[in-house]
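When we follow our numbering, the leftmost residue of the sequence shown carries the number 1, and every step to the right adds one. Where is the CB? At the ideal position from N, CA and C, for every residue including glycine. Here's the structure, in structure tokens; my notes come after.
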Amino acid sequence: MKPALYAISLNFLRHVRMGFPGGCWEWTGSKLPGGYGQIHIWGHGMKAHRVAWMLKHDPILPVGGGQRGPIGQIVIHTCDNPGCVNPRHLRLANQSENALDRERKGRGSRVGLQKAMAYMIERARLSPEQVREIRVLRTRGMTSSTVGRRFGISQELARLIGLRLRYAWVSD
Ligand SMILES: [Zn+2]
């Protein structure tokens with residue numbers, strides 16, 4: 001794990017009361033009015049469950065933040081406990097749930113912030129050199145699952161990097 005990501009993880013874990021692996025892990029830090037945990041990372045306020053998902057899986061771009069990639073961009077709780085940050089209780093909403101949720105909440109001003117966070121987590125996870133290497137390997141025909149294993153990232157992320165739908169800020 002890269003130092004920047006490690007630092008985010010440590011800071012994050014300080015505010016988590018972990019229970020059984022399958023139970024809810026309550027956020028003990030500050031909370032938003034809806035009961036969602038909130039964490040400040042490098043000055044940016046983020047919803048804790050979104051950060052939990054990103055630390056466990058891949059960076060996600062915000063809703064309305066460019067609409068890149070095929071995956072939904074809202075993280076929802078399967079346990080209906082907004083203060084829970086157990087990654088096992090979190091999943092990405094699909095596109096239709098995504099659209100519904102957007103309609104309900106209206107377009108947020110948090111898009112810029114979340115985009116910045118996605119960028120920071122991307123930057124913490126892979127260096128620009130690694131991203132360029134992944135692009136080259138994908139262009140040469142290495143499968144996304146092989147590339148993913150080599151770099152310790154998911155197959156999906158490797159595929160999206162090859163298509164320049166993630167880490168688009170890294171120049172060739
Ligand atoms: Zn839970």
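- Local conformation of H57 per DSSP, three classes: The count along the sequence shown starts at 1 and reaches residue 57 at position 57. If DSSP states are grouped into helix, strand and coil, H57 belongs with coil.
- Item | Where V51 falls: helix, strand or coil (DSSP) | Translated into the one-based positions of the sequence shown, residue 51 becomes position 51. Helix.
- Using only alpha-carbon positions, find the residue among S144, G141, F151 and T146 that is nearest to E129. Sequence index remark: in the sequence shown, residue 129 carries index 129 (1-based). Answer by Cα proximity: F151.
- Thinking just about the alpha-carbon of each residue, which of K31, R135, L13 and W169 is nearest to the one in N81? For the purposes of this step, residue 81 is identified with residue 81 of the sequence shown, where counting begins at 1. Of the listed residues, the one whose Cα sits closest to N81 is K31.
- Would you call the CB atoms of G154 and H57 closer than 9 Å? Here residue 154 is taken as the residue at index 154 of the sequence shown, counted from 1. Here residue 57 is taken as the residue at index 57 of the sequence shown, counted from 1. Going by the sequence as given, residue 154 is Ser instead of Gly. Yes, the Cβ-Cβ distance between S154 and H57 is below 9 Å.
- Message: ligand 1 and W25: does the residue's C-beta get closer than 8 Å to at least one heavy atom of that ligand?
- Response: Position 25 of the sequence shown, counted from the start, is the residue given in the question as residue 25. Yes, since a heavy atom of ligand 1 falls inside the 8 Å radius drawn around the Cβ of W25.
- Thinking C-beta only, is R159 closer than 9 Å to R138? For this step, residue 138 is matched to residue 138 along the sequence shown. For this step, residue 159 is matched to residue 159 along the sequence shown. Yes.
- Query: Would you call R17 buried or exposed, if buried means 16 or more other Cβ atoms sit within 10 Å of its Cβ?
  - Reply: Numbered from 1 along the sequence shown, position 17 holds the residue referred to as residue 17. Exposed, because fewer than 16 other Cβ atoms sit within 10 Å of the Cβ of R17.
- From this set, R140, G141, R149 and Y119, which residue's C-alpha is nearest Y167's C-alpha? Position 167 of the sequence shown holds residue 167. Per the C-alpha coordinates, the member of R140, G141, R149 and Y119 positioned closest to Y167 is Y119.
- How many Å lie between G106 and R140 at the Cα? Position 106 of the sequence shown, counted from the start, is the residue given in the question as residue 106. Position 140 of the sequence shown, counted from the start, is the residue given in the question as residue 140. Any reading at G106 needs caution, since the residue's pLDDT is 45, under 50, leaving its predicted position unreliable; the model's value is listed next. Going from the Cα of G106 to the Cα of R140 covers about 43 Å.
- Kindly identify the DSSP beta-bridge partner or partners of I76. The count along the sequence shown starts at 1 and reaches residue 76 at position 76. Bridge partners of I76: R91.
- For R107, the three-state DSSP class (helix, strand or coil): The count along the sequence shown starts at 1 and reaches residue 107 at position 107. Its pLDDT being 44, under 50, R107 is placed unreliably by the model, and the measurement read from it follows with that caveat. R107 falls in the coil class under three-state DSSP.
- Message: When you measure from the CB of H57 to every non-hydrogen atom of ligand 1, does any distance come out below 8 Å?
- Response: Walking along the sequence shown from the start, residue 57 turns up at place 57. Checking the Cβ of H57 against ligand 1 gives no.
- Under 9 Å between the Cβ atoms of R132 and V170? Sequence index remark: in the sequence shown, residue 132 carries index 132 (1-based). Sequence index remark: in the sequence shown, residue 170 carries index 170 (1-based). Their beta carbons are under 9 Å apart, which means R132 touches V170 by this criterion.
- Item | Sheet register partners of Q155 (DSSP bridge) | What you label residue 155 is simply residue 155 of the sequence shown in a count that begins at 1. Looking at the DSSP assignment, Q155 forms no beta bridge with any residue, so it has no partner.
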